[in-house]
Amino acid sequence: MSAKNITSASRIAIAAGVAASTVLLLAGPAAAHVSVQPQGEAAKGGYATLNFKVPNERDQASTVKLEVNFPADHPLSSVTPEAVPGWKIAITKGKLDKPLEVHGRKITEAVTKVTWTADGSEIAPGYFQQFPVSVGQLPENADQLIFKAIQTYDNKEVVRWIEEPTANGEEPDSPAPVLKLSAATDDHHGGGTADKSGDDDHKADEKADEKGHDKAASAEGDKKDTHAASSSSDTTARTLGIIGIVIGAAGIAFGVLAGRRRTA
Numbered sequence: 004m005s006a007k008n009i010t011s012a013s014r015i016a017i018a019a020g021v022a023a024s025t026v027l028l029l030a031g032p033a034a035a036h037v038s039v040q041p042q043g044e045a046a047k048g049g050y051a052t053l054n055f056k057v058p059n060e061r062d063q064a065s066t067v068k069l070e071v072n073f074p075a076d077h078p079l080s081s082v083t084p085e086a087v088p089g090w091k092i093a094i095t096k097g098k099l100d101k102p103l104e105v106h107g108r109k110i111t112e113a114v115t116k117v118t119w120t121a122d123g124s125e126i127a128p129g130y131f132q133q134f135p136v137s138v139g140q141l142p143e144n145a146d147q148l149i150f151k152a153i154q155t156y157d158n159k160e161v162v163r164w165i166e167e168p169t170a171n172g173e174e175p176d177s178p179a180p181v182l183k184l185s186a187a188t189d190d191h192h193g194g195g196t197a198d199k200s201g202d203d204d205h206k207a208d209e210k211a212d213e214k215g216h217d218k219a220a221s222a223e224g225d226k227k228d229t230h231a232a233s234s235s236s237d238t239t240a241r242t243l244g245i246i247g248i249v250i251g252a253a254g255i256a257f258g259v260l261a262g263r264r265r266t267a
């Protein structure tokens, strides 16, 4: 290969390396955004535990606050955050334009926002933190839920993860966390196996109660039979005792009379 060709090949390799590095630099920050994932499955019409994952993207600042806004178009009747050590939790509720009916009762307000504020802890550079929340009942007429989040650093910088996915599927610069919903399950609790196990345990308890009741009834019957047999035995013994006394008395009287006759 000539020197000219070697030089050209070197230039191409350097250009490719620079391009690859640029892609990595651009892809890095975009990939490290606030996201949401279910623990297990998030089924339509069911309940689920969600993890909001918050990475720290700054080298010289720590994350000290996270605000997660819940979807107004699909309000959730139940939102229960899990305690996170070193963080205070504030829950904001709002009135619903249209009340929800859940398990036979009307819900007139729902959680609109959950805020975590550092209280002795923070997300330092190079680390991330997860914030679990139990939610339900998930909508049956939606394929996904969008949670707009706001991340605040200790240098007062605020990053808004609020951009919704585009129609062509491209990820925006500051995407909002999106929860994909899976197909509905029969139990509507997002954990069919566990609920089925609970039902089986309940049935087993009922059977055990029935068996216990049968055993108790049988024991009571045996006790009554034993008591009856004992009573019958006592009556027989008394009767035989009385007969024996009568016979003994008669024998004594007969002996006395016989003795008198001999004397006479």
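Numbers 4 to 267, taken from our numbering, label the letters of the sequence shown in order. Idealized CB from N, CA, C, for every residue including glycine.
Given L141 as reference, the closest of H36, A46, S38 once Cα atoms are compared: A46
Short of 7 angstroms in beta carbon distance, which residues of its chain neighbour V87, apart from the five on each side in sequence? Order them along the chain. W119, F134
Classify A51 as buried or exposed, calling it buried when 16 or more other Cβ atoms lie within 10 Å of its own Cβ. buried
Quick check: does the Cβ of L53 come within less than 7 angstroms of any heavy atom belonging to the ligand GDP? The model depicted lacks the ligand GDP and carries no ligand whatsoever.
D157 vs E125 beta-carbon contact at 8 angstroms: Taking 8 angstroms as the Cβ cut-off, D157 and E125 qualify as a contacting pair.
In this structure, does DSSP put F131 in helix, strand or coil? Residue state, collapsed to three classes: strand.
Tell me the DSSP secondary structure of D87 in three-state form. The question names Asp, yet the displayed sequence has Val at residue 87. Residue state for V87 is assigned as coil, using DSSP reduced to three classes.
In three-state terms, what does DSSP make of R108? strand
Please tell me whether E70 and I153 are closer than 8 angstroms, where the distance is taken between their beta carbons. yes
Bounding residues of the beta strand (DSSP E) (the contiguous stretch that carries E70): 66-72
Any chance the segment 98-113 sits against the segment 175-186, with 3 or more Cβ pairs inside 8 angstroms? With the cut-off at 8 angstroms, the segment 98-113 and the segment 175-186 do not touch.
Could you tell me if I149 is buried or exposed, where buried requires 16 or more neighbouring beta carbons within 10 angstroms of its beta carbon? buried
So what's T52 in DSSP terms, helix, strand or just coil? strand
Put S137 into one of helix, strand or coil per three-state DSSP. strand
On the DSSP bridge list, what partners appear for A93? A93 is bridged to T118.
Less than 7 angstroms between C-beta atoms, sequence neighbours within five positions excluded: which residues of the same chain meet that for A145? H77, L184
Where does Q63 sit, in a helix, a strand or coil, going by DSSP? coil
Proximity winner among G172, G48, A64, S81, relative to V138 (alpha-carbon distances): S81
Closest residue to Q132 among G107, V67, I165 (Cα-Cα distance): V67
Measuring CA to CA, which of G123, N171, A170 is closest to T91? According to the sequence displayed, residue 91 carries Lys and not Thr. Closest option to K91, Cα to Cα, is G123.
Is it right to say P178 is buried, meaning 16 or more other beta carbons lie within 10 angstroms of its own, or is it exposed? Label assigned to P178: buried.
Does DSSP put A186 in a helix, a strand or coil? In the structure shown, A186 sits in coil (DSSP, three-state: anything other than H, G, I, E or B).
Under the three-state reduction of DSSP, which class applies to V37: helix, strand or coil? coil
By how many angstroms is the C-alpha of F73 removed from the C-alpha of V39? Near 12 angstroms, if we compare the C-alpha coordinates of F73 and V39.
To the nearest angstrom, how far is the alpha carbon of P58 from that of E160? Cα-Cα distance, rounded: 15 angstroms.
Going by the beta-carbon positions, is the gap between V162 and E85 smaller than 8 angstroms? Using a Cβ distance threshold of 8 angstroms, V162 and E85 do not count as a contacting pair.
For A35, which residues in the same chain have their Cβ closer than 7 angstroms to its Cβ, ignoring the five residues on either side in sequence? P58, E60
Which stretch, first to last residue, makes up the beta strand (DSSP E) that contains A152? 151-156
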